[in-house]
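Enquirer:
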Amino acid sequence: MSHGEREPAAELGLLDATMIGMGAMIGAGIFVLTGLAAELSGPAAILVFALNGVVTAFTGLSYAELASAIPKSGGGYAFVREIFDDLPSFVMGWMLWFAYMIAGGLYALGFAPNFLELLHVYGYVPPPGEVGAVALPLLPAIPATVALAFAAVLVLVLVNAVSTAASGSVETIFTIVKVTILVIFVAFGFLSAGGGGETSFTFQNFDPLFTGDGGALSILPAMGLTFIAFEGYDLITTVTEEVKNPRENIPKAIFASLAVTVVVYLLVVTVAIGTLGADGLAAAGEAGIAEAATSFMPTGLPVIQNGGAVIVFGAVFSTITALNAVVIASSRVAFSMGREGQLLPRFGHIHHRFGTPFLAILGSALVMLGSVALPTKSAGNMSSLFFLLSFIVVNGALIKLRRERPDMRRPYEVPYYPVTPVLAIGLNLLLTVVLVEYLFRTDLLALALSAGWIALGVVGYYALERRPEVATGDEGPPEPTPSDPEDD
840 MSHGEREPAA ELGLLDATMI GMGAMIGAGI FVLTGLAAEL SGPAAILVFA LNGVVTAFTG
900 LSYAELASAI PKSGGGYAFV REIFDDLPSF VMGWMLWFAY MIAGGLYALG FAPNFLELLH
960 VYGYVPPPGE VGAVALPLLP AIPATVALAF AAVLVLVLVN AVSTAASGSV ETIFTIVKVT
1020 ILVIFVAFGF LSAGGGGETS FTFQNFDPLF TGDGGALSIL PAMGLTFIAF EGYDLITTVT
1080 EEVKNPRENI PKAIFASLAV TVVVYLLVVT VAIGTLGADG LAAAGEAGIA EAATSFMPTG
1140 LPVIQNGGAV IVFGAVFSTI TALNAVVIAS SRVAFSMGRE GQLLPRFGHI HHRFGTPFLA
1200 ILGSALVMLG SVALPTKSAG NMSSLFFLLS FIVVNGALIK LRRERPDMRR PYEVPYYPVT
1260 PVLAIGLNLL LTVVLVEYLF RTDLLALALS AGWIALGVVG YYALERRPEV ATGDEGPPEP
1320 TPSDPEDD
């Protein structure tokens, strides 16, 4: 590698890689967007999550094959860069980078109300609905939710900037804790059935199933909005070069994280709707699961004043692990683009002391911090849109790579090719069209910002192409990792 730059160190094992995927997926889908899904589709929100799981599984198969064939950090960008020309690969990386950064803002915004809900359970702050009235001593002009979101991003950026191993360990520990807590949530939820209480679990809350505007079709815009709930397994491929034996461990981590997450989603959403009802869940918004837990979990437990506080604590863990995962992922996409000369070359350098893509992390953090000022719904919409578009391109890259390099080493291959990637493209395209139509009707801010980001990227691409150091290689990126290296 040129300029004496360090290579990324392979410090993450199979468990660490799996937890990066689960950490992102579980934090987003359950604790931030479940209430919005219930608002759009009513009790059919359970179908929204089930069908999104099916749709994303097809793309997950494509990611697994590409990761085994192209063991490079950068995720979908690295795959597209391998097979497409400069401009298409840049646009892909630009979209993916933005999607991860905006997702970080979404998760930070989800962390803040859940953290305040936890403080409310112990009587330290007013109810979450009055969160805007809570002021912080040092920053009296900033609402508590925004201040907490900023603080969460800053802390995790610091951890990631100084140590990849530390950030991976944090992700693993926090994810195991939150999954354990969610299992407790599900158990108490089902045990509340027949209790006669106002929030006891009952399947009557699912009858009728379709109560949203448009009947059964109401699940389509809800699927588009909540698609980001299954974004996470792809984050695993952004740290490929930091995972031991990536050709085998990356596909395994993708499958494991998807399988566990789908099961957890379906169980938790079933309990939430079965206890609060779709209307109650929708009214609670981002803190819906936490409110459900507080309503039926036992009280008077030793040390824990309210049993629901355990689950609220889980909500805090879930959103913070999701945030940590996208801090990792966004910086690795920027690092990969910098190394390829498609962002400022210094983004593609590894810090000589910390062994992390230091500048890529800081650059990603700036946009992430700015995104916490966005409405939660707009952040979710933009992230979902860009992930859907990027997944379409990744499946196209798989088909193109198969055709142009049929003899390339592929330890894992997608079954039933080409049906699987073609079906994935069709389903993702359908959700993209539905989501764009929904944005035209309800969220022009998200649509305008998305178009603006793409336009800014194209302008930046041509400006970067004209930089003398990029053209001559004087300040070019380090040599990229070969596309078919030996396994560690």
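The sequence shown runs 840 to 1327 under this note's numbering.
We put the beta carbon where it would ideally sit given N, CA and C, even for glycine.
Using only the alpha-carbon positions, how far apart do Ile885 and Leu1198 sit?
Expert: On the sequence shown, position 46 is the one that residue 885 refers to. On the sequence shown, position 359 is the one that residue 1198 refers to. About 41 Å.
Enquirer: Which residue or residues does DSSP assign as beta-bridge partners of Ile1082?
Expert: In the sequence shown, counting from the first residue as 1, residue 1082 sits at position 243. In the sequence as displayed, the identity of residue 1082 is Val instead of Ile. Leu851.
Enquirer: Mind checking which residues open and close the alpha helix (DSSP H) that includes Lys1216?
Expert: Within the sequence shown, the letter at position 377 stands for residue 1216. Its alpha helix (DSSP H) spans residues 1215–1243.
Enquirer: Do you know offhand how far Leu853's Cα is from Glu1087's?
Expert: The count along the sequence shown starts at 1 and reaches residue 853 at position 14. The count along the sequence shown starts at 1 and reaches residue 1087 at position 248. Cα-Cα distance, rounded: 9 Å.
Enquirer: Are there 16 or more other CB atoms within 10 angstroms of the CB of Ile1012, so buried, or fewer, so exposed?
Expert: Your numbering for residue 1012 matches position 173 in the sequence shown. Ile1012 is exposed by the Cβ-count criterion.
Enquirer: With three or more beta-carbon pairs closer than 8 Å as the criterion, would you say the segment 872–885 touches the segment 1111–1120?
Expert: Counting Cβ pairs under 8 Å, three or more are found: they touch.
Enquirer: Please give the ranges of any alpha helix (DSSP H) in the segment 997–1074, keeping only runs that are unbroken, at least 4 residues long and fully inside the region.
Expert: For the segment 997–1074, whole alpha helix (DSSP H) runs of length 4 or above, ordered along the chain, are 1003–1030, 1058–1065.
Enquirer: Put Lys911 into one of helix, strand or coil per three-state DSSP.
Expert: Within the sequence shown, the letter at position 72 stands for residue 911. In this structure, Lys911 counts as coil in the three-state DSSP scheme.
Enquirer: Between Leu987, Ala942, Gly1124, Tyr939, which has its C-alpha nearest Leu958's C-alpha?
Expert: Numbered from 1 along the sequence shown, position 119 holds the residue referred to as residue 958. Among Leu987, Ala942, Gly1124, Tyr939, the Cα nearest to that of Leu958 belongs to Leu987.
Enquirer: Determine whether the beta carbon atoms of Val1206 and Met861 lie at a separation below 8 Å.
Expert: Start at 1 with the first residue of the sequence shown, and residue 1206 comes out as number 367. Start at 1 with the first residue of the sequence shown, and residue 861 comes out as number 22. Contact flag unset, no.
Enquirer: So Val1253 and Leu900 are in contact, right, with Cβ under 8 Å, and what is the actual spacing, rounded?
Expert: Position 414 of the sequence shown holds residue 1253. Position 61 of the sequence shown holds residue 900. Right, the Cβ-Cβ distance comes to about 5 Å (below 8 Å), so this counts as a contact.
Enquirer: Return helix, strand or coil for Ile865, following the three-state DSSP convention.
Expert: Counting from one through the sequence shown, the residue named residue 865 turns up at place 26. The answer is helix: DSSP assigns Ile865 an H, G or I state.
Enquirer: Would you decide whether Pro1324 is buried or exposed? Buried here means 16 or more other CB atoms lie within 10 Å of its CB.
Expert: In the sequence shown, residue 1324 corresponds to position 485, counting from 1. Residue confidence for Pro1324 is low, a pLDDT of 42 falling below 50, so the modelled location carries little weight; the figure read from the coordinates is stated next. When all chains shown are included, Pro1324 counts as exposed.
Enquirer: Would you check if the distance between the CB atom of Ser1057 and the CB atom of Ala883 is smaller than 8 Å?
Expert: Within the sequence shown, the letter at position 218 stands for residue 1057. Within the sequence shown, the letter at position 44 stands for residue 883. Taking 8 Å as the Cβ cut-off, Ser1057 and Ala883 qualify as a contacting pair.
Enquirer: Leaving aside the five residues before and after Lys1017 along the sequence, list all residues of the same chain whose C-beta is less than 6 Å from its C-beta, in chain order.
Expert: Indexing the sequence shown from 1 puts residue 1017 at position 178. Contacts found: Gly1153, Phe1156, Ser1157.
Enquirer: Please report the Cβ distance between Thr1065 and Leu872, rounded to the nearest whole angstrom; I am assuming they are in contact, meaning their Cβ atoms lie under 8 Å.
Expert: As a working mapping, residue 1065 is identified with position 226 in the sequence shown. As a working mapping, residue 872 is identified with position 33 in the sequence shown. At roughly 5 Å, the Cβ-Cβ gap stays under 8 Å, so Thr1065 and Leu872 are in contact.
Enquirer: Suppose only complete runs of 3+ residues qualify. What are the beta strand (DSSP E) ranges in the segment 1111–1194, listed by chain order?
Expert: If we require 3 residues or more, the segment 1111–1194 turns out to have no beta strand (DSSP E) run fully inside it.
Enquirer: Please classify Gln1181 as buried or exposed, where buried requires at least 16 other C-beta atoms within 10 Å of its C-beta.
Expert: Within the sequence shown, numbered from 1, the residue matching residue 1181 stands at position 342. Burial call: buried.
Enquirer: So for Pro882, helix, strand or coil by DSSP?
Expert: By one-based count along the sequence shown, residue 882 stands at place 43. Here Pro882 sits in helix by DSSP.
Enquirer: CA-CA distance, Val919 and Glu1130?
Expert: By 1-based counting over the sequence shown, the position of residue 919 is 80. By 1-based counting over the sequence shown, the position of residue 1130 is 291. Each residue's alpha carbon lies about 42 Å from the other.
Enquirer: Would DSSP call Arg920 helix, strand or coil?
Expert: Here residue 920 refers to the residue found at position 81 of the sequence shown. Helix at Arg920.
Enquirer: Could you give the DSSP three-state label for Ala1287: helix, strand or coil?
Expert: Within the sequence shown, the letter at position 448 stands for residue 1287. Reduced to three states, the DSSP call for Ala1287 is helix.
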